[in-house]
Structure formats: structure tokens, C-alpha cells
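The block underneath contains the structure these notes are about, expressed in C-alpha cells.
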Amino acid sequence: MAKQAVTLKIAGKSYPFNIESGKEEIYRLAEREVNNYLSLIREQNIRDWGEQDYLSIAALKFAIANVATRQGRELGDDDLNRLGRLDEELDAYLNSLGE
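At position 22 of the sequence shown (counting the first as 1) the number is 21 in numbering that gives the first Met the number 0, and the numbers step up by one without a gap.
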């Protein structure tokens, strides 16, 4: 399949990619989602946190969602509930740091 060049901007930094033609929309939506979530985390104004901390928490949030999605068919309700609670704990932790 043909490739096309795109540049995505994440956390203010540009990253060039060569992607399969027809997949640009997926990449643009992902770019927007990451940047939106980073904005939400930054609004917490967590003292002594740098860009790497914000990016790490964003990566963790998306990894939790990814694991839940991939394993959703394989996991039982208890496991899915545990992942949901972990996600809620992460949000509560972030909220407590911003206070």
C-alpha cells in the first residue's frame, strides 16, 4: 500500500511519520486525543511535575484503556472491574495532587 508523509504534534513537539495512505484520519484523531488528555492533566497544576511526568501519566491512561479493550473478551467481569477501579484510582490520585 502507498505511504504518505504526515507530521503530528504531540505536547508541542512535531513528529514526522510515513503512514499508509488512508490512515491519516486515525493518526489525527489519536494526536488530538493525546493532546486533549495532556491538557486535562496539566490543568491539575501538579507541583514539581515536568513534561515527562504528564506524558507518562497519559501513556499509562491509554495503556490501561488498551489492555482493557484487548483483553475484554478474555477477562471476566472481576478483572474488568479491577481495571476500571485502577483507572478511577489513577484519576483520584491526579486530582489529589492538583489540590
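The C-beta atom is built at its ideal place from N, Cα and C for all residues, glycine as well. Quick caveat: nothing in here was measured; it's all calculated off a predicted structure.
Residue-level contact to chain D via CB, residue i, 8 Å cutoff
| i | result |
| --- | --- |
| V33 | The displayed structure is made up of one protein chain only, and chain D is not part of it. |
Rounded straight-line distance, which links the Cα of residue j to that of residue i
| i | j | result |
| --- | --- | --- |
| S95 | E88 | 10 Å |
| I63 | D86 | 7 Å |
| A29 | N17 | 15 Å |
| R41 | F61 | 16 Å |
Simplified DSSP assignment, three categories, for residue i
| i | result |
| --- | --- |
| I45 | coil |
| S55 | helix |
| A91 | helix |
Contacting residues, own chain, Cβ-Cβ under 7 Å from residue i (five flanking each side not counted)
| i | result |
| --- | --- |
| E19 | M0, K2 |
Option nearest residue i by Cα separation, candidates the options
| i | options | result |
| --- | --- | --- |
| G49 | R27, A10, D78 | A10 |
Cβ-based neighbour list, residue i, same chain, cut-off 6 Å, excluding 5 preceding and 5 following
| i | result |
| --- | --- |
| A67 | L82 |
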